[in-house]
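According to the working numbering, the stretch in the sequence shown is residues 734 to 1302, in order. Note that beta-carbon positions come from the ideal geometry of N, C-alpha and C, so glycine has one too.
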Amino acid sequence: MTAEYSVPEEARKCLLEGILNHRGHKGLPEECHEYIKLIKYIGDDQPKMAINWRLAESVAALKGFEAIMTNLLLSRKYDLTPQEVTINTDHAQLFLMSFFLLEIEPKSLSNPVQPTELRELNTAHAKYFPSWDLHHQTSSQYRKAVTNIYQTGDKRYYHLHASLNPDPSLKALDLPWDMPELATIESSWSPFETKMAEKRAEQWDEILAGEYKQAGTICFTPEEYGETPQGRSHADIGLYTLDHYPEGGSPAWWPSVPRTSVQRPLAGLKIVDLTRIVAGPSIGRTLAELGASVMRVTGPHVADFSGLHPDLNWGKWNCHLDLRQEEDRLKLHELVWDADVVINGYRPYVLDKFGIGYKDIFELGKKRGRGYIYARENCFGWTGPWSHRPGWQPISDACTGVSMGFGRAMGVEEAVTPVLPNSDYCTGIAGACGVLEALILRAEKGGSVLVSLAINYYNKWLVDQVGEYEQGVWEDVWSRNGRQVFRHFHSMNYTAPRYLKMFQEQGLLNLDFFEVRESKALGGVRFRVPRPILQFPPGTVEPGYNVGTRGNGVDQPRWPEDLMTEVVK
734 MTAEYSVPEE
744 ARKCLLEGIL
754 NHRGHKGLPE
764 ECHEYIKLIK
774 YIGDDQPKMA
784 INWRLAESVA
794 ALKGFEAIMT
804 NLLLSRKYDL
814 TPQEVTINTD
824 HAQLFLMSFF
834 LLEIEPKSLS
844 NPVQPTELRE
854 LNTAHAKYFP
864 SWDLHHQTSS
874 QYRKAVTNIY
884 QTGDKRYYHL
894 HASLNPDPSL
904 KALDLPWDMP
914 ELATIESSWS
924 PFETKMAEKR
934 AEQWDEILAG
944 EYKQAGTICF
954 TPEEYGETPQ
964 GRSHADIGLY
974 TLDHYPEGGS
984 PAWWPSVPRT
994 SVQRPLAGLK
1004 IVDLTRIVAG
1014 PSIGRTLAEL
1024 GASVMRVTGP
1034 HVADFSGLHP
1044 DLNWGKWNCH
1054 LDLRQEEDRL
1064 KLHELVWDAD
1074 VVINGYRPYV
1084 LDKFGIGYKD
1094 IFELGKKRGR
1104 GYIYARENCF
1114 GWTGPWSHRP
1124 GWQPISDACT
1134 GVSMGFGRAM
1144 GVEEAVTPVL
1154 PNSDYCTGIA
1164 GACGVLEALI
1174 LRAEKGGSVL
1184 VSLAINYYNK
1194 WLVDQVGEYE
1204 QGVWEDVWSR
1214 NGRQVFRHFH
1224 SMNYTAPRYL
1234 KMFQEQGLLN
1244 LDFFEVRESK
1254 ALGGVRFRVP
1264 RPILQFPPGT
1274 VEPGYNVGTR
1284 GNGVDQPRWP
1294 EDLMTEVVK
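Set out below in structure tokens:
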């Protein structure tokens, strides 16, 4: 390995050159370039994850950006001198896999971390987090296999995705609803391999993404994606965009509560969270860690991945509203009226028909005299011919060339999903940074602010600004992890257990990076989880959560008078 390589030093370079100096972020407040001096990166110089993309450097850079934006908020709102923030790059990598690492009621805190496989999350946590697998997505290996990469008739690769309901994709493929006799992961791939070989990749894209409106994509190389109309449409965009709408109220912060302070800098900030899975929910969770109060709203008739709730519902109340009913739409509007931030992670514009699009919310801001921050997150981006398409993390990885790059690094000319929900969690950090910047902008100029982010924005940034390990560094970390080679049909259900074993062997799952916290909403159940990544000096910011995690529909859809109320009844 190149002796002088250092993950902490490279993370700092990515923060400076990849974010602060990015042409898409020219509007950042000028103090940001000063505050980077206060970000202290520590950690092992050697990379530990056998993934060619520099994920450790990426997440550490994004967390550094979050620290800068938090310092900016502390300076502007609390008149506090900016503080040194320490980021351990080994610790930061756990942020990318936190839903695997969470343990409920661990037998002994001295025992090594026992990760849970992706396919086992729902059942492993079912005692405290009821399943919302309404369409039996995880009921068999065959139905799980709808989400995977398969080779097409023209020797290209296409990523299918079940999107919490495999039925439409199975119908588009003209395959049976279930084949329970296929009892292993390996056997479950066969029907899809045979079917996908019948047509060219572009034909399948027209059928699946076009006619059936499913989350699916051709697996492009990074170069190919950059030349598509979609890739060109956001070539100059960084991690997110901000659009300021000056009509909507005077400059203002959010209403203060007794806990609004340097220690809990976002205390009193009310957020309506309309999200599912990882990218959208991680925005709200990141802001909740800084003290915000989050009300997550889901529909009782809408499928969800309950195995993610133990990790992503920290700091959030969770209520049910059926937006098809006028009464429940009114309740949602009442929640929004008293909030300052709305996060929307559903399909582009699908909530507009319920009066929850950003234009509707900004009109409310004009009426009440205080504007809103509206953060919208999708897969493909908000411009270009594919902006309307639904999608998820592995779809974005495949579309932008990240998956093809991973396969190439292992010596196979195939697209292979790079194991972790990296682009999901990192899009969440980017979204939280965008909200912080928007809050500061509203406090300075008033009005409302639209924050637009996408998983493809992050992945394009990863490819262009962070990139892959140089060959010598990659060969070293790959060799230290056994030079394992994975194929296009190896989904996260297959690769994640093997990589989690590697992470344990490489010392990444260091117990010093974990903490135990309890959820009073679940009667005091204890969780061992990765602790907050940003480490502030004593007496300043104290990352944590006002309320514990829980499943969907536990709380009533209203803001409690006391924002430290554990369950809203």
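For residue i, count neighbouring Cβ atoms within 10 angstroms of its own Cβ and tell me buried if that reaches 16, exposed if not.
{"i": "HIS766", "result": "exposed"}
{"i": "ALA1229", "result": "buried"}
{"i": "HIS1034", "result": "exposed"}
{"i": "TRP910", "result": "exposed"}
{"i": "PRO998", "result": "buried"}
{"i": "TYR811", "result": "exposed"}
{"i": "ARG1283", "result": "buried"}
{"i": "VAL792", "result": "buried"}
{"i": "PRO1154", "result": "buried"}
{"i": "ILE1303", "result": "Because the chain is modelled from 734 through 1302, residue 1303 falls outside the range shown and cannot be assessed."}
DSSP on residue i, reduced to helix/strand/coil?
{"i": "PHE1236", "result": "helix"}
{"i": "GLN1108", "result": "Note that residue 1108 corresponds to Ala in the displayed sequence, not to Gln. Strand, per DSSP."}
{"i": "SER1026", "result": "strand"}
{"i": "GLY751", "result": "helix"}
{"i": "ASP900", "result": "helix"}
{"i": "CYS952", "result": "coil"}
{"i": "LEU1142", "result": "Looking at the sequence itself, residue 1142 is Ala, so the reference to Leu does not match. The answer is helix: DSSP assigns ALA1142 an H, G or I state."}
{"i": "TRP1050", "result": "strand"}
{"i": "ASP1288", "result": "strand"}
{"i": "THR1031", "result": "strand"}
{"i": "ILE1089", "result": "coil"}
{"i": "ILE1162", "result": "helix"}
{"i": "VAL1300", "result": "coil"}
{"i": "LEU827", "result": "helix"}
{"i": "LYS759", "result": "coil"}
Taking the alpha carbon of residue i as the point to measure from, which residue in the options has its own alpha carbon closest?
{"i": "MET1225", "options": "ALA916, ILE951, ASP1130, ASN821", "result": "ASP1130"}
{"i": "ALA942", "options": "TRP1115, ASP1085, LEU906", "result": "LEU906"}
{"i": "LEU1186", "options": "HIS967, LEU1084, PHE1236", "result": "HIS967"}
{"i": "TRP1047", "options": "ASP1061, ARG1029, LEU1056", "result": "ARG1029"}
{"i": "VAL1303", "options": "VAL1249, PRO1265, ILE1266, ARG1264", "result": "The shown model of the chain, from 734 to 1302, leaves out residue 1303, and the question about it has no answer."}
{"i": "CYS1132", "options": "ASP777, GLU1022, ALA934, ASP900", "result": "ALA934"}
{"i": "ALA794", "options": "ASP1061, ILE752, ALA916", "result": "ILE752"}
{"i": "TYR883", "options": "VAL1300, LYS1302, HIS1221", "result": "HIS1221"}
{"i": "ARG1264", "options": "ALA1108, ARG756, ARG787, ALA825", "result": "ALA825"}
{"i": "LYS904", "options": "ASP976, TRP937, TRP1125, GLN779", "result": "TRP937"}
{"i": "PRO955", "options": "ARG1141, VAL1145, LYS1003, VAL1300", "result": "ARG1141"}
{"i": "LYS888", "options": "LEU1172, GLU1146, VAL1152", "result": "GLU1146"}
{"i": "PRO1045", "options": "LYS1100, ASN1285, GLU1059", "result": "For the record, residue 1045 in the displayed sequence is Leu; it is not Pro. The shortest Cα separation from LEU1045 among LYS1100, ASN1285, GLU1059 belongs to ASN1285."}
{"i": "LEU972", "options": "CYS1166, GLU960, GLY1117", "result": "CYS1166"}
{"i": "MET1137", "options": "TRP922, GLU790, THR814, TYR890", "result": "TYR890"}
{"i": "GLU1275", "options": "GLN816, ASP1073, TYR1107", "result": "GLN816"}
{"i": "ILE801", "options": "ILE820, GLY959, ALA789", "result": "ILE820"}
{"i": "HIS858", "options": "LYS1086, VAL1280, PHE1260", "result": "PHE1260"}
{"i": "LEU842", "options": "GLY1114, ASP1245, ILE1106, GLY1102", "result": "ASP1245"}
{"i": "LEU1007", "options": "GLY1032, VAL990, GLN996", "result": "GLY1032"}
{"i": "GLU1294", "options": "SER1026, GLU763, TRP922", "result": "SER1026"}
{"i": "LEU788", "options": "LEU908, GLU743, ILE775", "result": "GLU743"}
{"i": "ALA1176", "options": "PRO1151, ALA985, ASP1061", "result": "ALA985"}
{"i": "LEU915", "options": "GLY757, SER873, ALA1108, VAL1075", "result": "SER873"}
{"i": "VAL1218", "options": "VAL1149, TRP865, GLU1059", "result": "VAL1149"}
{"i": "GLY1179", "options": "MET1143, LEU749, ILE1106", "result": "ILE1106"}
{"i": "PHE1236", "options": "MET830, VAL740, LEU1296", "result": "MET830"}
According to DSSP, which residues form a beta bridge with residue i?
{"i": "GLU1248", "result": "VAL1262"}
{"i": "GLN884", "result": "TYR890"}
{"i": "GLN1268", "result": "THR819"}
{"i": "TRP786", "result": "GLU1201"}
{"i": "THR974", "result": "SER1185"}
{"i": "VAL1075", "result": "VAL1005, TYR1107"}
{"i": "ILE772", "result": "VAL818"}
{"i": "ILE717", "result": "Absent from the model: residue 717. The displayed extent of the chain is 734 to 1302, so no value can be given."}
When the cut-off is 7 Å and only beta carbons count, does residue i lie next to chain C?
{"i": "CYS765", "result": "Any reference to chain C falls outside this structure, which holds one protein chain only."}
Is there contact here, the segment 801 to 809 with the segment 1201 to 1208, by at least three beta-carbon pairs under 8 Å? Look at the beta carbons and you see the segment 801 to 809 not touching the segment 1201 to 1208: under three pairs across the two are nearer than 8 Å.
The segment 1150 to 1168 / the segment 1014 to 1026 touching (three or more Cβ pairs under 8 Å): The segment 1014 to 1026 and the segment 1150 to 1168 touch, with three or more beta-carbon pairs separated by less than 8 Å.
Is the segment 840 to 849 touching the segment 1184 to 1195, taking contact as three or more C-beta pairs under 8 Å? Short answer: they don't touch.
Three or more C-beta pairs under 8 Å: does that hold for the segment 823 to 840 against the segment 863 to 880? Note that the segment 823 to 840 does not touch the segment 863 to 880; fewer than 3 beta-carbon pairs, one per stretch, sit closer than 8 Å.
Does the segment 777 to 791 come into contact with the segment 1208 to 1220, if we say contact requires no fewer than three beta-carbon pairs (one atom in each stretch) closer than 8 Å? Segment contact: the segment 777 to 791 against the segment 1208 to 1220, three or more CB-CB distances shorter than 8 Å; contact assigned.
Quick one: any contact between the segment 963 to 977 and the segment 1244 to 1257, if contact means 3 or more CB pairs under 8 Å? Taking one beta carbon from each stretch, the segment 963 to 977 and the segment 1244 to 1257 have fewer than 3 pairs nearer than 8 Å; the two do not touch.
Can at least three beta-carbon pairs, one atom from the segment 1065 to 1079 and one from the segment 1276 to 1295, be found at a separation below 8 Å? Yes, the segment 1065 to 1079 touches the segment 1276 to 1295.
Segment contact flag, the segment 942 to 952 with the segment 1093 to 1106, C-beta cutoff 8 Å, min 3 pairs: No, they do not touch.
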